[in-house]
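Colleague: Could you have a look at this structure, given as structure tokens, before my questions?
In the numbering used here, the protein residues as written are 16 to 706.
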């Protein structure tokens, strides 16, 4: 608004300068004409006086003509003297004021404008250097020099701006004076000129000229009074604004306002110029209803950056810049990273956008409602006597739900119990339980039942879809859904049998974030499969956390804010190794949490049916193995019987062959005995050796 108003004043000053230049040229023509008239009159009088000295061939001595011309010459000479006086009066009373205004006042405005522009550019350069200060601990001398540079440039800009504004305001008065004084001088000179010939004419204009002179004096006195007041205001503002020259004021003296629903100021916006390179541009940002607007210098009006109704805002680490935060639209398709100038602006922008995203600005007293919401968040950490008393007015009774049914926002692996009529906070959440606001280690490190050898806790997903020689665990999964979520926190719980555990955990985590000013949230991709839930880094595609689906025993969404959802993970071990522990994880999604719960429920149903099919398949395989074993035993028995029959057949055949060979041996022996008797003693020995 200030720069727009300054543009109007500068445009008015330019118009005044243009008009004064034209008026100056016109008056200068009058002055030149008057000088020319005075010189011409004097020349005429001189020529008339020299008439008698002329020698005309056809003219004679005409004393009447000569005396007449001499009289005319005397009168014209007196008129020439009057014109000379008039020219002097025009130079002093008409040309001098307008020349002074043109050469001094208008040039002063141009000079102050240039000085203000230089001071503004120096201030922008100092702010840019200060914004580039590394958040790591650097040389304190460099930081002090940059801070002093910002202080000096900001003070110089402020002082120059105030003097420039004072000159612009004074110009409005000087404009009147510069227009009236030359005209007044012109008229007085003309009156003095005509006074020599007409007293009546002088008497008729004296009263008018007197009134004009009085008005000029009154304007001059009013201008002097206004200049004195503006000088006093400048001195007061210099004293009061001295602490504000620092770029990052002390938060104890200038605390952040967390109940704002409107905010405006300069921010640095990051613009990507390549795959890894980016640039920062400083623009003026402001909120208008549920929209975030930006306006560059020289623009007539602001442009829409994004719709921040139901958006999400979180603090982010951005290279070496401090005080950065990211705004993500409701559908998650558009995001913007901005940098505030100070920690105070940084917290106020985050709180303001948070309040606008809750649509508090639509109410009659938005700041009062925002204060009540923030106060309720601060009081939310005070334990109430009964959990049921706190929630009985917020949601319907749980007893009306069928025992085996699951709503669209809650689900449990175990049996659905009745409402917690007298359940205290200690039975839901362990007292003094620490809250983890960020993702530190993979879940597989805390779950002994999960094999780390699967290699999924830190494996990078191939972005080009190539398997690389090994199958992904989700390739054979029937269900594979992806959601954009932000991790709010997790804590250990004592019960995992009712959705009230998730509600209470949400309440405590949100209250703790509000108290400790924790705005940072880690954005991830939640992948729901039939085997597990996985949190994947959206930039590196590395699996941050892996939750086995059988260990997810409970999941639910918030009753009012449907974007909040959580689930309870049952693990073995924990503080006591001999018992199982339950941990509740809370997330915020861009979509409704009920869709994620429905997806988890569908995954558990698919996994349940797949388990039934697997057991039926294993049972069928067992039956087939038993049948195959029985068949093998039967075949073995048949083979034994066949071998026995073969052996008996061989024995019978062997006995028959033995009987035939015995009869043959008997015939041979008898023949051999007869031969032996014929061969003698030597023949017998030879036969025996052959035998």
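Glycine included, every Cβ here is placed at the ideal spot set by N, Cα and C.
Quick check: the segment 294-308 against the segment 259-266, are there 3 or more CB pairs under 8 Å?
Modeller: At 8 Å Cβ cutoff, the stretches do not touch.
Colleague: Between residue 189 and the rest of its own chain, which residues show a CB-CB distance below 8 Å, the 5 nearest in sequence each way excluded?
Modeller: In the chain shown, the residue the question calls residue 189 occupies position 174. Hits under 8 Å: 116, 120 and 238.
Colleague: Can you name the residues that DSSP bridges to residue 283?
Modeller: Taking the chain shown and counting its residues from 1, one reaches residue 283 at position 268. Looking at the DSSP assignment, residue 283 forms a beta bridge with 297 and 354.
Colleague: On the DSSP bridge list, what partners appear for residue 525?
Modeller: Within the chain shown, numbered from 1, the residue matching residue 525 stands at position 510. According to DSSP, residue 525 bridges with nothing at all.
Colleague: Note the first and the last residue of the continuous alpha helix (DSSP H) segment covering residue 165.
Modeller: By 1-based counting over the chain shown, the position of residue 165 is 150. Start and end: 155-210.
Colleague: Run the CB neighbour count on residue 708, radius 10 Å, all protein chains shown included, and call it buried at 16 or more, exposed below.
Modeller: Since the first residue shown for the chain is 16 and the last is 706, residue 708 is missing from the structure and cannot be characterised.
Colleague: List the whole-angstrom C-beta distance separating residue 194 from residue 28, where the pair is believed to meet the contact cut-off of C-beta under 8 Å.
Modeller: Taking the chain shown and counting its residues from 1, one reaches residue 194 at position 179. Taking the chain shown and counting its residues from 1, one reaches residue 28 at position 13. The pair is not a contact, with the Cβ atoms about 15 Å apart (cut-off 8 Å).
Colleague: Output the distance between the C-alpha atoms of residue 33 and residue 172, rounded to the nearest integer angstrom.
Modeller: Along the chain shown, read from residue 1 onward, the residue named residue 33 stands at position 18. Along the chain shown, read from residue 1 onward, the residue named residue 172 stands at position 157. Rounded to whole angstroms, residue 33 to residue 172 spans 28 Å at the Cα level.
Colleague: Ignore the nearest five residues each way along the sequence and tell me which others in residue 355's own chain have a CB closer than 7 Å to its CB.
Modeller: The count along the chain shown starts at 1 and reaches residue 355 at position 340. Excluding sequence neighbours, residue 355 sits near 282, 338, 361 and 364.
Colleague: Could you tell me the distance, in whole angstroms, from the CA atom of residue 554 to the CA atom of residue 313?
Modeller: To locate residue 554, count along the chain shown from 1; it is residue 539. To locate residue 313, count along the chain shown from 1; it is residue 298. Taking the straight line joining both Cα atoms gives about 37 Å.
Colleague: Exposed or buried, which one is residue 557 when buried takes at least 16 other CB atoms within 10 Å?
Modeller: Position 542 of the chain shown, counted from the first residue, corresponds to residue 557. When all chains shown are included, residue 557 counts as exposed.
Colleague: Quick check: the Cα distance between residue 316 and residue 308, rounded to an integer number of angstroms?
Modeller: For the purposes of this step, residue 316 is taken as residue 301 along the chain shown, with counting starting at 1. For the purposes of this step, residue 308 is taken as residue 293 along the chain shown, with counting starting at 1. Looking at the two C-alpha atoms, the distance is approximately 10 Å.
Colleague: Restricting to runs no shorter than 4 residues, where is the alpha helix (DSSP H) found entirely within the segment 34-121?
Modeller: Segments of the alpha helix (DSSP H) lying fully in the segment 34-121: 78-104 and 111-115.
Colleague: I need the straight-line Cα distance from residue 552 to residue 538, nearest angstrom please.
Modeller: Here residue 552 is taken as the residue at index 537 of the chain shown, counted from 1. Here residue 538 is taken as the residue at index 523 of the chain shown, counted from 1. For residue 552 and residue 538, the distance between alpha carbons rounds to 8 Å.
Colleague: Considering only residues of the same chain and omitting the five flanking positions on each side of residue 532, which have a CB-CB separation below 8 Å?
Modeller: Translated into positions along the chain shown, residue 532 becomes position 517. Answer for residue 532: 362, listed in chain order.
Colleague: Starting from residue 650, follow its DSSP beta bridges and name the residues at the other end.
Modeller: In the chain shown, residue 650 corresponds to position 635, counting from 1. Partner(s): none; residue 650 has no beta bridge.
Colleague: Could you check the C-alpha separation between residue 494 and residue 618 for me, to the nearest Å?
Modeller: On the chain shown, residue 494 is found 479 positions in, with the first residue counted as 1. On the chain shown, residue 618 is found 603 positions in, with the first residue counted as 1. C-alpha separation (whole angstroms): 7 Å.
Colleague: Out of 69, 199 and 275, which has the shortest C-alpha to C-alpha gap to residue 376?
Modeller: Here residue 376 refers to the residue found at position 361 when the chain shown is read from its first residue. Of 69, 199 and 275, the residue nearest in Cα terms is 275.
Colleague: Taking 8 Å as the threshold (C-beta atoms), are residue 608 and residue 559 in contact?
Modeller: Taking the chain shown and counting its residues from 1, one reaches residue 559 at position 544. Taking the chain shown and counting its residues from 1, one reaches residue 608 at position 593. For residue 559 and residue 608, no; Cβs fall outside 8 Å.
Colleague: Let me confirm a value: residue 83 is counted as buried when at least 16 other C-beta atoms fall within 10 Å, else exposed. Which label applies?
Modeller: Within the chain shown, numbered from 1, the residue matching residue 83 stands at position 68. Exposed.
Colleague: Quick check on the burial criterion: 16 or more other C-beta atoms within 10 angstroms. Buried or exposed for residue 571?
Modeller: The sequence position of residue 571 within the chain shown is 556, counting from 1. Burial call: buried.
Colleague: Can you say whether residue 562 is buried or exposed, counting buried as having 16 or more other CB atoms within 10 angstroms of its CB?
Modeller: Position 547 of the chain shown, counting from 1, holds the residue named residue 562. Looking at its Cβ environment, which holds 16 or more other Cβ atoms inside 10 Å, residue 562 is buried.
Colleague: How many angstroms separate the CA atom of residue 534 from the CA atom of residue 329?
Modeller: In the chain shown, the residue the question calls residue 534 occupies position 519. In the chain shown, the residue the question calls residue 329 occupies position 314. Each residue's Cα considered, the two are about 5 Å apart.
Colleague: Using the rule of at least 16 other Cβ atoms within 10 Å of the residue's Cβ for burial, across every protein chain shown, is residue 503 buried or exposed?
Modeller: As a working note, residue 503 is residue 488 in the chain shown. When all chains shown are included, residue 503 counts as buried.
Colleague: Thinking C-alpha only, which one of 251, 123 and 369 is nearest residue 326?
Modeller: On the chain shown, position 311 is the one that residue 326 refers to. When each option's Cα is compared against that of residue 326, the closest is 369.
Colleague: Given a cut-off of 8 Å, decide if residue 164 and residue 147 are closer than it, judged by their beta-carbon atoms.
Modeller: Taking the first residue of the chain shown as position 1, residue 147 is located at position 132. Taking the first residue of the chain shown as position 1, residue 164 is located at position 149. No, they are not a contact pair.
Colleague: Using the C-alpha atoms, what's the distance from residue 72 back to residue 81?
Modeller: Indexing the chain shown from 1 puts residue 81 at position 66. Indexing the chain shown from 1 puts residue 72 at position 57. Cα-Cα distance, rounded: 16 Å.
Colleague: In the DSSP assignment, find the beta strand (DSSP E) that holds residue 571 and state where it starts and stops.
Modeller: Your numbering for residue 571 matches position 556 in the chain shown. Its beta strand (DSSP E) spans residues 567-572.
Colleague: Taking only three categories from DSSP, how would you classify residue 125?
Modeller: The count along the chain shown starts at 1 and reaches residue 125 at position 110. Residue 125: helix per DSSP, three-state reduction.
Colleague: I'd like the ranges of any beta strand (DSSP E) spanning at least 3 consecutive residues and lying wholly in the segment 285-350.
Modeller: Whole beta strand (DSSP E) segments, 3+ residues: 293-303, 306-310, 318-322, 327-330 and 339-343.
Colleague: So, at 7 Å on beta carbons, what are the nonlocal neighbours of residue 20 in its own chain, with the 5 sequence-adjacent residues on each side left out?
Modeller: Walking along the chain shown from the start, residue 20 turns up at place 5. If we look at residue 20 and ignore the five residues flanking it on each side, it has no Cβ neighbours.
Colleague: From residue 431 to residue 323, what does the alpha carbon distance come to, in whole angstroms?
Modeller: Along the chain shown, one-based indexing puts residue 431 at 416. Along the chain shown, one-based indexing puts residue 323 at 308. Residue placement at residue 431 is flagged as unreliable, the pLDDT there being 37, under the threshold of 50; the coordinate-derived value follows with that caveat. Approximately 39 Å between the Cα atoms of the pair.
Colleague: For residue 138, collect the residues of the same chain with a Cβ closer than 7 Å to its Cβ; drop the 5 residues on either side in sequence, then sort them by chain order.
Modeller: Counted from its first residue, the chain shown places residue 138 at position 123. Same-chain partners within the cutoff: 168, 169 and 172.
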